[in-house]
Amino acid sequence: MPQHPTLSYPLSAVVGSDDLVLALLLAAVAPEVGGVLVRGEKGTAKTTAVRGLAAVLPPVEVREGDRFSSDPRDPTDVSPDADLVATAAVVSRPVRLVELPVGAGEDRVTGSIHLERALSSGRAEYEPGLLAKAHRGLLYVDEVNLLHDHLVDLLLDAAATGRATVERDGVSVTHPARFVLVGTMNPEEGELRPQLLDRFGLAVDVAAPRDPALRVEVVRRRLAYEADPAGFVADWAEAEQRLADRVAVTRAARAGVHLSDEVLLAVAEVCAAFEVDGLRADIVTARTAVAHAAWCGRAEVTREDVRAAARLALPHRRRRNPFDSPEADGERLEQALDEALGPDEQPDPDPEPDPDPEPEPDGGGRGEGGTDAGLPSGQQGRPDARTETQPDGEPQPAGSTVGAGETFRTRLLQAQGTNRRAGQAAAGRRSRAESTTGRRVGAVAATDARARGGLHLLGTVLAAVPSQHVRGRTDGPLRLAPGDLRVAVREGREANLVLFCVDASGSMAARRRMGEVKAAILSLLLDAYQRRDTVGLVTFGGDTATLVLPPTGSVDVAAARLEELPAGGRTPLAEGLLEAGRVLDRERRRAGARRPLLVVVTDGRATAGPDAVRRSLDAADRLAVTGVDCVVVDCESGPMRMGLAGTLATRLAAEHLALGAVDAAALHGLVRGHAA
610 MPQHPTLSYP
620 LSAVVGSDDL
630 VLALLLAAVA
640 PEVGGVLVRG
650 EKGTAKTTAV
660 RGLAAVLPPV
670 EVREGDRFSS
680 DPRDPTDVSP
690 DADLVATAAV
700 VSRPVRLVEL
710 PVGAGEDRVT
720 GSIHLERALS
730 SGRAEYEPGL
740 LAKAHRGLLY
750 VDEVNLLHDH
760 LVDLLLDAAA
770 TGRATVERDG
780 VSVTHPARFV
790 LVGTMNPEEG
800 ELRPQLLDRF
810 GLAVDVAAPR
820 DPALRVEVVR
830 RRLAYEADPA
840 GFVADWAEAE
850 QRLADRVAVT
860 RAARAGVHLS
870 DEVLLAVAEV
880 CAAFEVDGLR
890 ADIVTARTAV
900 AHAAWCGRAE
910 VTREDVRAAA
920 RLALPHRRRR
930 NPFDSPEADG
940 ERLEQALDEA
950 LGPDEQPDPD
960 PEPDPDPEPE
970 PDGGGRGEGG
980 TDAGLPSGQQ
990 GRPDARTETQ
1000 PDGEPQPAGS
1010 TVGAGETFRT
1020 RLLQAQGTNR
1030 RAGQAAAGRR
1040 SRAESTTGRR
1050 VGAVAATDAR
1060 ARGGLHLLGT
1070 VLAAVPSQHV
1080 RGRTDGPLRL
1090 APGDLRVAVR
1100 EGREANLVLF
1110 CVDASGSMAA
1120 RRRMGEVKAA
1130 ILSLLLDAYQ
1140 RRDTVGLVTF
1150 GGDTATLVLP
1160 PTGSVDVAAA
1170 RLEELPAGGR
1180 TPLAEGLLEA
1190 GRVLDRERRR
1200 AGARRPLLVV
1210 VTDGRATAGP
1220 DAVRRSLDAA
1230 DRLAVTGVDC
1240 VVVDCESGPM
1250 RMGLAGTLAT
1260 RLAAEHLALG
1270 AVDAAALHGL
1280 VRGHAA
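This is the structure we're talking about:
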């Protein structure tokens, strides 16, 4: 929702987002909780609610002229401007809401040399960035899941230490940077790095209300705000002031709230039962429970406070497969809460009994044995009845399917070299690429073809210094010429198009091997999901190759297609490579095409059609000429190996990996074993 340039939509007027408003208010009451992550589909007032939070926060006291907003009452909160403002008056001002744009540069976030003063007087003077401006306030990141990795690293460092350190361009500054971090995101566009996700104290999922009456009220209030922003804010001013007063009173009351050992033990039991990572969850849940008790006017933390806190502090901390349904986490949390705290005082009514109930599942999702539901009665209850293995090498009938094994953390597969095509690097986390964001790796003249970033101040100054005498300068400002201008060259990570070309022939169809292959591909898909790649899937088996999934950003669809992938028949390797080449050629012609990475998963055998081996090698040569980066995952097994996948990798100029080498942990163990 667009905002008025000077007025903030009142937080008290937000409709249908009770959990969201509660999470924001608890973070305002207890800033040490660690901020709030708001996840939800587009158009659910995430940004509107966050921008309304600043108005209900108590004002802060600062020294007049202090650019770092240090607390004059706190001797440990030392500002770099302390000597300049030591005798300045103490003033009160509203809390700042500082927005960090997704495309911001590192200089803008942490600060850099003051450009005007450096050019006019030749002195290097530090200009604070957004982290300094957000100290003792709110730092808001819209679409936080799209934030570039180098900015995520800066946020992690500041969130962990409460300070920001700048060491570059002749500047050495450390300043306090304690803020309430609030982020909003749409999960459809990718997830957060686990380290940053854990730094958010609370997380809440929001969705548009389904009640027509609530939807009408949302529209009515929004239209009223757009028609008369000032009048709308005035109408809600009294309610907003009551909310602000309550926040201030609750902040003061927190110190008197008692957290008993019994309740603290209940917090630990809930966190342990929910299988969260680390102990930060216990600390955040305890702090949130205290804040919730104070918000409700209680002097003692109760189990209901723990229940409310756990629902906000725990769901995003549990380790889970990204493709798992989030509803499963909610059910698991409620079970853990009931076990540790007892049933809710007002439990939901029991659902109507199912007249035709399905058998209860025995076991979990992929890689954990599956479920007996739907199996013939003679097979139910047998271990691994759904995926009963046969000896490796014994093919299954054409068209049969095999479930994937357990996923694992994969080694990083990436395109070789650095992408230097201007404007072509899509922000992501896989391959190296020059872009307008990322860490600075050098500087080039402004006329250089690689110049597409911002001005590199230090490089410009250094280029101009040798010519100052020739230009007649003896004192005063630097004398610059157009040829002195330097532009920063930055390097970050880009997202790629990862195209899987998978052998689904009879030679791959032995249950044990196909299960391992699917587990490896599914693990690579998970990796692609985390690195924001676009993925596609080509399979070849029988007599043809098929584009099972055109390139898409929805890797969960690719995972579903992989699970349903049948295997059997001959091996049309040439057709598979040619189809992959056609897909890559089409994608290359699209605007904003991503740099491709082709992953061929095969044992290298070619058996379909006349002269199958020669045709497959010719197809590999044609792909190699295009210069596409390629990885061949060798699925050949057994004591007698022909090495055909290795030959294919050589013709493709590709990296050659054994199937087991895709597993990063197994590869690490192998390296350690050789070192020993």
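The numbering of the sequence shown is my numbering, which starts it at 610 and goes up by one. Built from N, CA and C at the ideal position, the CB exists for glycine as well.
- Within the stretch 1219-1265, complete beta strand (DSSP E) segments of at least 3 residues are found at 1238-1243, given in chain order.
- In this model, Leu763 and Ala786 are separated by some 11 Å (Cα to Cα).
- The Cβ atoms of Ala1129 and Ala1097 do not sit closer than 9 Å to each other.
- Non-local beta-carbon contacts of Lys742 in its own chain, meaning distances under 6 Å to residues more than five positions away in sequence, involve Val707 in chain order.
- Every alpha helix (DSSP H) stretch that sits fully inside the stretch 1113-1160 and reaches 4 residues is listed by chain position as 1120-1139.
- Of the other Cβ atoms in all chains shown, fewer than 16 fall within 10 Å of the Cβ of Cys905; this residue is therefore exposed.
- By the Cβ criterion, the stretch 868-888 is not in contact with the stretch 655-670, since fewer than three pairs of Cβ atoms, one from each stretch, lie closer than 8 Å.
- Within 10 angstroms of the beta-carbon of Leu888 lie fewer than 16 other beta-carbons, which makes it exposed.
- Pairing Arg1095 with Gly1047 gives a Cβ-Cβ distance that is not under 9 Å.
- Going by DSSP, Asp807 is part of the alpha helix (DSSP H) stretching over Pro803 to Arg808.
- Remark: fewer than three beta-carbon pairs, one from each stretch, lie closer than 8 Å, so the stretch 641-649 and the stretch 845-862 are not flagged as touching.
- About 7 Å separates the beta carbons of Leu1206 and Leu1106, which is inside the 8 Å limit, making them a contact pair.
- Pairwise C-beta distances place the stretch 897-913 out of contact with the stretch 815-829, as fewer than three of them are shorter than 8 Å.
- In the three-state reduction of the DSSP assignment, Ala695 falls in the coil class.
- In the DSSP assignment, the residues bridged to Gly720 are Pro737.
- Looking at Glu913, Gly951 and Glu884, the one whose alpha-carbon comes closest to that of Pro924 is Glu884.
- In the DSSP annotation of this structure, the continuous segment of the alpha helix (DSSP H) that includes Arg831 starts and ends at Pro821 to Ala836.
- Inter-segment contact for the stretch 1072-1087 and the stretch 1167-1182 is absent: fewer than three beta-carbon pairs are separated by less than 8 Å.
- Partner residues in the beta bridge of Ala1035, as assigned by DSSP, are Ala1104.
- Leu1064 sits in a strand when the DSSP states are folded into three classes.
- Excluding the 5 residues flanking it on each side, Gly1068 has same chain C-beta neighbours closer than 7 Å at Ala1052 and Arg1095, in chain order.
- Assigned with DSSP and collapsed to three states, Cys1110 falls in strand.
- Within the stretch 739-780, the runs of alpha helix (DSSP H) at least 4 residues long that lie entirely inside it are, in chain order, 739-742 and 758-770.
- Shown here, Gly792 sits in a strand according to DSSP, grouped into three states.
- Counting along the chain, Glu708 sits inside no alpha helix (DSSP H); it lies in the beta strand (DSSP E) bounded by residues Leu706 to Glu708.
- With contact defined as three or more Cβ pairs closer than 8 Å, the stretch 667-686 and the stretch 695-704 are in contact.
- DSSP places Thr1211 in the uninterrupted beta strand (DSSP E) bounded by Pro1205 to Thr1211.
- In terms of CA proximity to Val791, Ala768 leads the group Thr1161, Ala768 and Arg772.
- The alpha-carbon separation between Leu1134 and Phe1109 amounts to approximately 9 Å.
- In the three-state DSSP reduction, Gly906 falls in the coil class, being neither helix nor strand.
- Looking at the DSSP output, Glu670 shares a beta bridge with Ser701.
- Nearest neighbour of Asp1136 by Cα position, chosen from Leu1187, Arg1224, Leu1021 and Val1209, turns out to be Leu1021.
- If the five residues before and after Thr894 are omitted, its C-beta is found closer than 6 Å to the C-beta atoms of Val876, Ala918, Ala919 and Ala922, all from its own chain and listed in chain order.
- Between Thr1211 and Asp1243, the C-beta gap is smaller than 9 Å, which places the two residues in contact.
- At least 9 Å separates the beta-carbon of Gly1162 from that of Gly1115.
- In this structure, DSSP gives Leu646 an extended state, which the three-state scheme calls strand.
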